[in-house]
Amino acid sequence: MTTPLAPPAYDVSDETLPLAREPYLSLAPAVLSWPAHETTLQPRDYERLARHLAAQARVLAESLRRLCIELPEGSTTRDLSEILLGETERRLSAPPRATMARVQNLARLVRALYERLDCLHSTASFRTAVFSS
423 MTTPLAPPAY DVSDETLPLA REPYLSLAPA VLSWPAHETT LQPRDYERLA
473 RHLAAQARVL AESLRRLCIE LPEGSTTRDL SEILLGETER RLSAPPRATM
523 ARVQNLARLV RALYERLDCL HSTASFRTAV FSS
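Mapping the sequence shown onto our numbering, position 16 (from 1) lands on 438, and the numbers just tick up by one.
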(Lines of atoms letter the chains of each structure in order from A and count residues from 1; the text may use other names and numbers.)
(Lines give C-alpha, C1' and ligand atoms only; values in the text may rest on other atoms or scores of the structure.)
Protein backbone atom coordinates (compact mmCIF):
# COMPACT_ATOMS: atom_id res chain seq x y z
CA MET A 1 0.00 0.00 0.00
CA THR A 2 1.34 3.42 -0.89
CA THR A 3 0.99 6.59 1.11
CA PRO A 4 -0.59 9.78 -0.26
CA LEU A 5 1.69 12.01 -2.30
CA ALA A 6 2.03 14.91 0.13
CA PRO A 7 4.24 17.66 -1.25
CA PRO A 8 7.35 18.81 0.57
CA ALA A 9 7.03 22.27 2.09
CA TYR A 10 8.25 25.15 -0.09
CA ASP A 11 8.20 28.88 0.42
CA VAL A 12 6.20 30.33 -2.47
CA SER A 13 6.58 33.94 -1.33
CA ASP A 14 9.85 34.39 -3.23
CA GLU A 15 9.39 36.35 -6.46
CA THR A 16 12.15 34.59 -8.39
CA LEU A 17 11.91 31.34 -10.28
CA PRO A 18 12.24 28.32 -7.98
CA LEU A 19 15.75 27.08 -7.38
CA ALA A 20 17.03 23.72 -8.56
CA ARG A 21 15.73 24.22 -12.08
CA GLU A 22 18.27 22.04 -13.91
CA PRO A 23 17.56 18.80 -12.04
CA TYR A 24 13.88 19.05 -12.97
CA LEU A 25 14.57 19.98 -16.58
CA SER A 26 17.01 17.07 -16.82
CA LEU A 27 14.58 14.70 -15.13
CA ALA A 28 11.73 15.39 -17.56
CA PRO A 29 13.34 13.90 -20.70
CA ALA A 30 14.71 10.98 -18.70
CA VAL A 31 11.27 10.16 -17.29
CA LEU A 32 9.57 10.65 -20.66
CA SER A 33 12.00 8.25 -22.36
CA TRP A 34 10.92 5.30 -20.20
CA PRO A 35 9.20 2.60 -22.28
CA ALA A 36 5.48 2.50 -21.52
CA HIS A 37 5.32 -1.29 -21.25
CA GLU A 38 8.12 -1.63 -18.69
CA THR A 39 8.02 -1.09 -14.96
CA THR A 40 11.40 0.51 -14.53
CA LEU A 41 11.20 1.41 -10.84
CA GLN A 42 9.63 0.25 -7.62
CA PRO A 43 6.30 1.88 -6.61
CA ARG A 44 7.99 3.82 -3.79
CA ASP A 45 10.39 5.34 -6.34
CA TYR A 46 7.50 6.45 -8.57
CA GLU A 47 5.84 7.87 -5.47
CA ARG A 48 8.94 9.84 -4.51
CA LEU A 49 9.36 11.21 -8.03
CA ALA A 50 5.68 12.11 -8.27
CA ARG A 51 5.80 13.88 -4.92
CA HIS A 52 8.80 16.00 -5.93
CA LEU A 53 7.48 16.79 -9.40
CA ALA A 54 4.07 17.75 -7.98
CA ALA A 55 5.71 20.01 -5.39
CA GLN A 56 7.80 21.69 -8.08
CA ALA A 57 4.71 22.11 -10.26
CA ARG A 58 2.92 23.84 -7.35
CA VAL A 59 5.82 26.25 -6.85
CA LEU A 60 6.03 26.99 -10.56
CA ALA A 61 2.26 27.47 -10.82
CA GLU A 62 2.36 29.97 -7.96
CA SER A 63 5.12 31.91 -9.73
CA LEU A 64 3.13 31.82 -12.97
CA ARG A 65 -0.02 32.94 -11.18
CA ARG A 66 1.79 35.98 -9.74
CA LEU A 67 3.12 36.95 -13.17
CA CYS A 68 -0.18 36.28 -14.90
CA ILE A 69 -2.02 38.80 -12.71
CA GLU A 70 0.22 41.56 -14.07
CA LEU A 71 -0.61 40.79 -17.71
CA PRO A 72 -3.35 42.71 -19.53
CA GLU A 73 -6.71 40.93 -19.49
CA GLY A 74 -7.55 39.36 -22.82
CA SER A 75 -3.95 39.23 -23.98
CA THR A 76 -2.86 36.03 -25.69
CA THR A 77 -0.01 35.63 -23.23
CA ARG A 78 -2.36 35.87 -20.25
CA ASP A 79 -4.92 33.56 -21.85
CA LEU A 80 -2.28 30.89 -22.54
CA SER A 81 -0.94 31.24 -19.00
CA GLU A 82 -4.44 30.86 -17.52
CA ILE A 83 -5.08 27.77 -19.63
CA LEU A 84 -1.88 26.20 -18.31
CA LEU A 85 -2.79 27.17 -14.74
CA GLY A 86 -6.18 25.49 -15.16
CA GLU A 87 -4.54 22.36 -16.52
CA THR A 88 -2.05 22.42 -13.64
CA GLU A 89 -4.86 22.67 -11.12
CA ARG A 90 -6.71 19.75 -12.73
CA ARG A 91 -3.62 17.53 -12.86
CA LEU A 92 -2.54 18.29 -9.30
CA SER A 93 -6.05 17.75 -7.93
CA ALA A 94 -6.21 14.25 -9.43
CA PRO A 95 -6.01 11.42 -6.92
CA PRO A 96 -2.35 10.61 -6.27
CA ARG A 97 -1.03 7.51 -8.01
CA ALA A 98 2.51 6.21 -7.79
CA THR A 99 2.70 5.05 -11.41
CA MET A 100 4.99 5.67 -14.35
CA ALA A 101 2.16 7.38 -16.26
CA ARG A 102 1.55 9.80 -13.38
CA VAL A 103 5.26 10.62 -13.10
CA GLN A 104 5.46 11.18 -16.86
CA ASN A 105 2.41 13.47 -16.83
CA LEU A 106 3.90 15.48 -13.98
CA ALA A 107 7.22 15.74 -15.86
CA ARG A 108 5.36 17.12 -18.89
CA LEU A 109 3.55 19.58 -16.63
CA VAL A 110 6.76 20.83 -14.98
CA ARG A 111 8.38 21.23 -18.39
CA ALA A 112 5.36 23.20 -19.70
CA LEU A 113 5.35 25.45 -16.62
CA TYR A 114 9.05 26.24 -17.03
CA GLU A 115 8.50 26.98 -20.73
CA ARG A 116 5.63 29.37 -19.96
CA LEU A 117 7.61 31.10 -17.21
CA ASP A 118 10.59 31.47 -19.55
CA CYS A 119 8.29 32.99 -22.16
CA LEU A 120 6.90 35.49 -19.65
CA HIS A 121 10.33 36.39 -18.32
CA SER A 122 11.79 36.88 -21.80
CA THR A 123 8.78 39.00 -22.79
CA ALA A 124 9.13 41.09 -19.62
CA SER A 125 12.88 41.52 -20.23
CA PHE A 126 12.23 42.52 -23.83
CA ARG A 127 9.59 45.08 -22.82
CA THR A 128 11.87 46.54 -20.15
CA ALA A 129 14.76 46.86 -22.61
CA VAL A 130 12.60 48.47 -25.32
CA PHE A 131 10.68 50.90 -23.12
CA SER A 132 13.63 51.96 -20.98
CA SER A 133 15.80 53.01 -23.93
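Positions of the beta carbon are idealized from the N, C-alpha and C atoms, including for glycine. Quick caveat: nothing in here was measured; it's all calculated off a predicted structure.
If I'm right that residue i touches residue j with Cβ under 8 Å, what's the distance once you round it to whole angstroms?
i    : j    : result
T510 : Y468 : Not quite, the Cβ-Cβ distance comes to about 20 Å (not below 8 Å), so this is no contact.
When the Cα atoms are used, what is the spatial distance from residue i to residue j?
i    : j    : result
L542 : W456 : 30 Å
A472 : S497 : 33 Å
L507 : A479 : 10 Å
A452 : S485 : 25 Å
C490 : R470 : 30 Å
Y446 : L493 : 27 Å
A516 : Y536 : 21 Å
R443 : A450 : 11 Å
R530 : E495 : 27 Å
L514 : E504 : 15 Å
R466 : R488 : 33 Å
L454 : Q526 : 6 Å
T461 : R512 : 26 Å
D501 : A534 : 15 Å
D540 : A458 : 29 Å
Of all the options the options, which has the alpha carbon lying nearest to the alpha carbon of residue i?
i    : options                   : result
R519 : I505, D501 and Q464       : Q464
V532 : I491, V481, A516 and S497 : V481
T545 : T499, V525, R487 and R530 : T499
L528 : H459, T461, A483 and T462 : A483
For residue i, does the count of other Cβ atoms within 10 angstroms reach 16, so buried, or fall short, so exposed?
i    : result
R538 : buried
R524 : buried
L475 : buried
A477 : buried
S448 : exposed
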